[in-house]
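Chain order of the listed sequences is A and B. The first sequence runs 451 to 805 under the numbering used here. The second sequence runs 451 to 805 under the numbering used here.
Protein chains: 2
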Amino acid sequence: METGAGDSNEVIGGTDASTPAVEVRTLADLARVAGVSAGTVSRALAGKALVNAETRERIQTLARHYGFRPNQMASKLRSRRTGVIGVVIPLGHEKRQSISDPFFLTLLGHLADQLTESGYDLMLSRAIPDGTSDWLERITGSGMVDGVLVIGQSDQSGIIDQVAANYRPLVVWGNYREGQVHCVVGTDNEMGGRLAAEHLIASGAKRLAFLGDTTGIEIDMRHRGAASAAKAAGLPLAHIPINLATTEMGPQIKAALAMPDIDYDGFVCASDLIAMSALRVLYETGRAVPDDAQVVGFDDLPMAAQTMPPLTTIRQEIAGGARVMVENLKARIEGESTDSLAMPPSLIVRRTTRA
Amino acid sequence: METGAGDSNEVIGGTDASTPAVEVRTLADLARVAGVSAGTVSRALAGKALVNAETRERIQTLARHYGFRPNQMASKLRSRRTGVIGVVIPLGHEKRQSISDPFFLTLLGHLADQLTESGYDLMLSRAIPDGTSDWLERITGSGMVDGVLVIGQSDQSGIIDQVAANYRPLVVWGNYREGQVHCVVGTDNEMGGRLAAEHLIASGAKRLAFLGDTTGIEIDMRHRGAASAAKAAGLPLAHIPINLATTEMGPQIKAALAMPDIDYDGFVCASDLIAMSALRVLYETGRAVPDDAQVVGFDDLPMAAQTMPPLTTIRQEIAGGARVMVENLKARIEGESTDSLAMPPSLIVRRTTRA
DNA sequence: AGCGGGCCTGCAATCGATTATCTTGGATAC
DNA sequence: GTATCCAAGATAATCGATTGCAGGCCCGCT
């Protein structure tokens, strides 16, 4: 099995007699074959009215014929505009090296859609913060991007603030907090946590547990929300830190639930992924959902509707959030300033709670 | 709620007396404050041995102090090397605008890991082929990237071949086919389809159905594999085209299974996502899995182990595939040529088949 | 003292497109 | 017939970093 892409110059794809003999790689090359100057070619390709309509046509046809495409590096250098947005996923507190979280990936997909629509390219960087603020400034200061989107604050909120103080075109997905410098779009996580817990309590749960590692600020706020709801109802809320990485999740949950001291009957999960694992463990240990134990997820990823039973969860507006992020970023690129946005989440009741 | 990133020049983050008065934006600026020439600064920052070790130290310290970072556009233009790999997802036959397929997203995550490790940045483009070959050449010919990875051939294999004939640093995830020009890494889809069907047959299924739209070549090969296994066993295989887009999947499957003419007892699904939907529909219509009907998925995404019951599926080596793709691409950037790779998939037996 | 040879560093060309400014030919006006 | 103006295109400076080549300096050797 071989690719054989062929170094020879044989013509591919039929009798294409137009394959040109001379190679046209630069504006100057094209200018030569067109019999004009490079400047004129540049203007013609940009569709400027300064060149004769007829000449413009002719040059554009030639460009197409020779498959000429202006070098973006040169263009961007000169015009001081890259048309590229950097998207950074800080892997602060996660041990795992991989960008695997389906929530981030989903958000990324929507961001890609929005940016493409606005004519921007997307440069993806996986950043591993190492104590310095360098991981972000390496992107913002590189001259490679017109703006930067950060997906998730992890535990790097302070550093993001520092950078945001001097770099305007920066929008972050995450949790808003009083006094924060950077523009953030996200969900009101505390409210989400509260909604989840209140719903469980209203459905009769008495022995609550929160499943999720609270190193990242977003999860921490969800935990706080749940805790405040539990406190208001006079109920206990156990905190069981679960890594967000997929592989370790199952065993961790199993270990936690195997401890026989308390038999929880209501689980507030920090993500749908954790909730799915919890469902599985509960099933394997013979506890019926929602009769013996109830479960609430967080995110409302598409998969949440497909679990068995379908997962009751807290919905985050991912698509809408992505749209706002891109809008805000564009505004900031134009020099305007933008407000942060904490979107209220909503409770989606399915079948893992008794409602 | 406001960000208040502050247009004023107040110092943020404590008594940082070192914030410089002069702005150092270019090599020349730094050269001025260092009292050397721009060329020397360039060499010093690149760590070249040509400059005196002491001078080099001094310049590097200055650069750090002023937060100077060389403009990448200029650097890349001059050195004719961008350090960026384009990753393209052609949305050929998919109606839906969004990059939402979890398989692609997972592969993308692994590619990001591998590329980052090799010191490359990743530029993501969502391409919507419009009949011309322009969607790919726009990327390859832009001078923006050192190489291109294409995730999924969709129905654009021919066009990819055309481009690959003249553009070497190109590696594609997809299905290998005799006589193909472009270098492809992927799974032996036909074998996968065959494995799935054979397993169902061996487990006693008699009335088989293939769930998935076969416009894309990969799915088509899976279907062929399943069909050949069915034929060998003398059994019928119905083909039910299901869109890969998440939203429409559920209803489509429901509609297909509601048709009372045949009651299928074995489903070969083109993806785990489809399999999950199928499980759900079967459950809702009161058919027990695996007793009344058996289901086999494709991909073995992490979620496959979390379904209820856990999904029997055909595993594709995503992480390994990503590694090979990046290795091959690097080799091709160096001018070497590389062979295509069709990895044998493996059957992962869980609980949706009787086995 | 004179000369050759390293070792550093400066100079200037270069990557390729963009764009402000200038040139030219011709049409129009008086 | 000459002045004026306009359209169309040429010229050259520019973006900012890289790098081949030349040159200055210091050292050692004869």
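Virtual Cβ for every residue (Gly too), placed ideally from N, Cα, C. Just so we're clear, the structure is a prediction, and the values are computed from it rather than from any experiment.
query                                                                                                                                                                                     : result
Please report the straight-line C-alpha distance between Ala455 (chain A) and Ser607 (chain B), rounded to a whole angstrom.                                                              : Reliability fails at Ala455 (chain A), whose pLDDT of 38 lies under 50, so the model's placement of it is uncertain and the value that follows must be treated cautiously. Spanning the two alpha carbons is a distance of roughly 14 angstroms.
Are the beta-carbon atoms of Leu797 (chain A) and Gly716 (chain A) separated by less than 8 angstroms?                                                                                    : no
Is the Cβ-Cβ distance between Val534 (chain B) and Met573 (chain B) less than 8 angstroms?                                                                                                : yes
Got a sec? Which residues, its chain only, sit under 6 angstroms from Arg800 (chain B) by beta carbon, not counting five neighbours each side?                                            : Pro760, Leu761, Thr762
In the DSSP assignment, find the unbroken beta strand (DSSP E) run with Val774 (chain B) in it and report its ends.                                                                       : That residue, Val774 (chain B), is in no beta strand (DSSP E); its alpha helix (DSSP H) goes 768–783.
For the stretch 562–589 of chain B, which residues have a beta carbon sitting closer than 8 angstroms to at least one beta carbon of chain A?                                             : Ala562, Asp563, Thr566, Asp571, Leu572, Met573, Leu574, Ser575, Arg576, Glu587, Arg588
Quick one: using the 10 Å Cβ neighbour count with 16 as the cut-off for buried, is Ala792 (chain B) buried or exposed?                                                                    : buried
Measuring only between beta-carbons, confirm whether Asn521 (chain A) sits less than 8 angstroms from chain B.                                                                            : yes
Can you tell me the Cβ-Cβ gap for Tyr626 (chain B) and Ser790 (chain B), rounded? I've got them flagged as a contact below 8 angstroms.                                                   : 5 angstroms
Do the stretch 686–696 of chain B and the stretch 716–729 of chain B make contact, defined as three or more Cβ pairs closer than 8 angstroms?                                             : yes
Measure how close the beta-carbons of Pro795 (chain B) and Ile768 (chain B) come, nearest whole angstrom, since I'm counting them as under 8 angstroms.                                   : Not a contact, Cβ separation roughly 11 angstroms.
Between Met523 (chain A) and Met594 (chain B), which are expected to be in contact by the criterion C-beta below 8 angstroms, what is the C-beta distance as a whole number of angstroms? : 7 angstroms
Tell me the DSSP secondary structure of Arg514 (chain B) in three-state form.                                                                                                             : helix
Answer yes or no: does any C-beta atom of chain B fall closer than 8 angstroms to that of Gly771 (chain A)?                                                                               : no
Under 8 angstroms between C-beta atoms, does Thr453 (chain B) make it to chain A?                                                                                                         : Summary for Thr453 (chain B): the model assigns pLDDT 40, below 50, so the residue's position carries little reliability, and this model does not support an answer.
For the ligand SAH, any of its heavy atoms closer than 7 angstroms to the Cβ of Met699 (chain B)?                                                                                         : Ligands are entirely absent from the displayed structure, and the ligand SAH is therefore not among its contents.
For Ser787 (chain A), which three-state DSSP category applies?                                                                                                                            : coil
Could you tell me the alpha carbon to alpha carbon distance between Gly602 (chain A) and Arg576 (chain B), rounded to whole angstroms?                                                    : 22 angstroms
I want to see whether chain B comes within less than 8 angstroms of Gln606 (chain A), judged by CB atoms only; does it?                                                                   : no
Kindly provide the ranges of any beta strand (DSSP E) runs that are 3 or more residues long and lie completely inside the stretch 608–645 of chain B, ordered along the chain.            : 620–623, 633–637
Quick one: Cα of Ala478 (chain A) to Cα of Ala615 (chain A), how far?                                                                                                                     : 43 angstroms
When you compare only the Cα positions, how much space is there between Arg730 (chain A) and Thr803 (chain A)?                                                                            : 15 angstroms
Please name the residues in the stretch 719–733 of chain A whose beta-carbon is closer than 8 angstroms to at least one beta-carbon of chain B, in chain order.                           : Met726, Ser727, Leu729, Arg730, Tyr733
Is Leu779 (chain B) closer than 8 angstroms to Pro619 (chain B) when the C-beta atoms are compared?                                                                                       : yes
What residues from the stretch 524–536 of chain A come within 8 angstroms of chain B, judged by C-beta to C-beta, listed N to C?                                                          : Ala524, Lys526, Leu527, Thr532, Val534
Tell me, please, whether the CB atom of Gln744 (chain A) is closer than 8 angstroms to any CB atom in chain B?                                                                            : no
8 angstroms is my cut-off, CB to CB: does Pro552 (chain A) come that close to chain B?                                                                                                    : yes
For the alpha helix (DSSP H) that Leu541 (chain A) lies in, which residues bound it at each end?                                                                                          : Element bounds for Leu541 (chain A): n/a, residue is neither H nor E.
Quick one: using the 10 Å Cβ neighbour count with 16 as the cut-off for buried, is Asp670 (chain A) buried or exposed?                                                                    : buried
If you follow the beta strand (DSSP E) that Ala488 (chain A) is part of, which residue opens it and which one closes it?                                                                  : No beta strand (DSSP E) holds Ala488 (chain A); the alpha helix (DSSP H) holding it covers 488–495.
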